[in-house]
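Chains as they are written, first to last, in my numbering: chain A, 3 to 143; chain B, 3 to 143. Glycine included, each C-beta is placed from N, C-alpha and C at the ideal position. Computed from a predicted structure; not experimentally measured. A short write-up of the structure that comes next.
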DNA sequence: AATAAACCCGACTTAAAAAGTCAAGAAAGA
DNA sequence: TCTTTCTTGACTTTTTAAGTCGGGTTTATT
């Protein structure tokens with residue numbers, strides 16, 4: 003609901019890479035199997051992730067993907083922001099979410115959407131990939 | 003992103019009805035025009051909303067829709083919960099959001115999704131239709 | 001050098017969900 | 001009785017997401 007299937011796949015792939023930090027390149031097919039993601043589709047997704055600088059790839063015989071940063075320092079929020087890209091200028095920016103408001107400036111929902119957005123990214127930003135690897139982290143604060 | 007276009011229409015329609023509480027039935031075409039919603043589509047949506055008991059309709063000459071409860075007592079959360087209906091049993095219930103987890107019980111995302119969901123509905127539940135009518139309310143938690 | 005294992009890239013297809021439309025019918029007031 | 005307005009369910013269109021495919025390039029091994 004909050005994330006597309008594709009973006010969940012991306013996060014899962016990063017988590018999988020995080021689990022194997024230090025063990026050399028991880029093949030797409032390994033990640034695909036571990037996380038039950040269609041291999042071809044995952045190739046597309048990892049290709050996109052390379053652009054984020056979070057991940058790099060090595061080609062050839064013992065090739066595969068490698069997580070660049072440290073899992074404790076990568077937040078879920080930063081990944082999601084990258085995946086979502088720039089907001090579509092055709093959408094209403096006040097409402098953050100979808101399409102133009104009929105009532106341009108006086109959007110009754112603006113405040114609500116802002117609060118929701120802040121709450122959600124507040125959580126995303128305080129959750130790291132390492133937290134996900136560890137499975138169930140309850141954030142203090 | 004959090005709400006479909008359709009569900010936003012539904013909320014807008016309720017807000018429009020709330021604005022006119024006490025002035026008798028409001029025609030679909032009036033709501034449609036005020037909120038820039040395709041009339042035929044709005045008929046479908048209002049039909050659905052009748053099932054919630056939030057709204058009732060009067061037919062014929064001076065017919066239209068009427069909000070049943072008081073805008074201060076209707077929360078956005080209750081409306082959205084109604085609109086979204088029962089969660090699809092095919093989806094992963096632990097993750098609250100989409101599809102089955104590949105890693106059934108040990109879903110790394112379960113805690114994250116729960117926290118996000120609670121945060122979002124926390125906001126939805128403390129926001130009333132009246133708050134939306136008033137335009138910009140900053141909730142004092 | 002040849003081979004095989006990987007990633008790389010862009011275009012393509014399919015599938016699913018959401019958005020929107022339509023026609024004919026039933027109630028209610030004028 | 002006539003007009004207005006909601007009612008219903010099925011239908012169509014549009015958009016977005018998901019997933020596939022073929023042929024190419026890089027790299028380690030032998």
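Per DSSP, the beta bridge partners of residue 66(A) are 60(A). Secondary structure in the region 77-136 of chain B: the alpha helix (DSSP H) runs of 4 residues or longer, each lying completely within the stretch, are 78-86, 112-128 and 131-135 in chain order. Among the bridge pairs identified by DSSP, residue 28(A) is matched with 67(A).
Each of 78(B), 39(B) and 120(B) was checked against the Cα of residue 133(B), and the nearest Cα belongs to 78(B). Between residue 30(B) and residue 41(B), the CB-CB gap stays under 8 angstroms. For the region 110-131 of chain B, residues whose beta-carbon sits nearer than 9 angstroms to a beta-carbon of chain A comprise 110, 111, 112, 113, 114, 115, 117, 118, 119, 121, 122, 124, 125, 126 and 129.
Straight across, the Cα-Cα distance linking residue 83(A) with residue 64(B) is about 50 angstroms. A check of alpha carbon separations from residue 35(A) across 128(A), 52(A), 19(A) and 24(A) identifies 19(A) as the nearest.
Within a 10 Å sphere around the beta-carbon of residue 81(A) sit 16 or more other beta-carbons, which makes this residue buried.
Close partners of residue 137(A) in chain B (Cβ separation under 9 angstroms): 108, 109, 110, 112 and 113.
Nothing from the region 42-53 of chain A brings a Cβ to less than 7 angstroms from some Cβ of chain B. One alpha carbon belongs to residue 26(B), the other to residue 57(B), and they sit about 13 angstroms apart.
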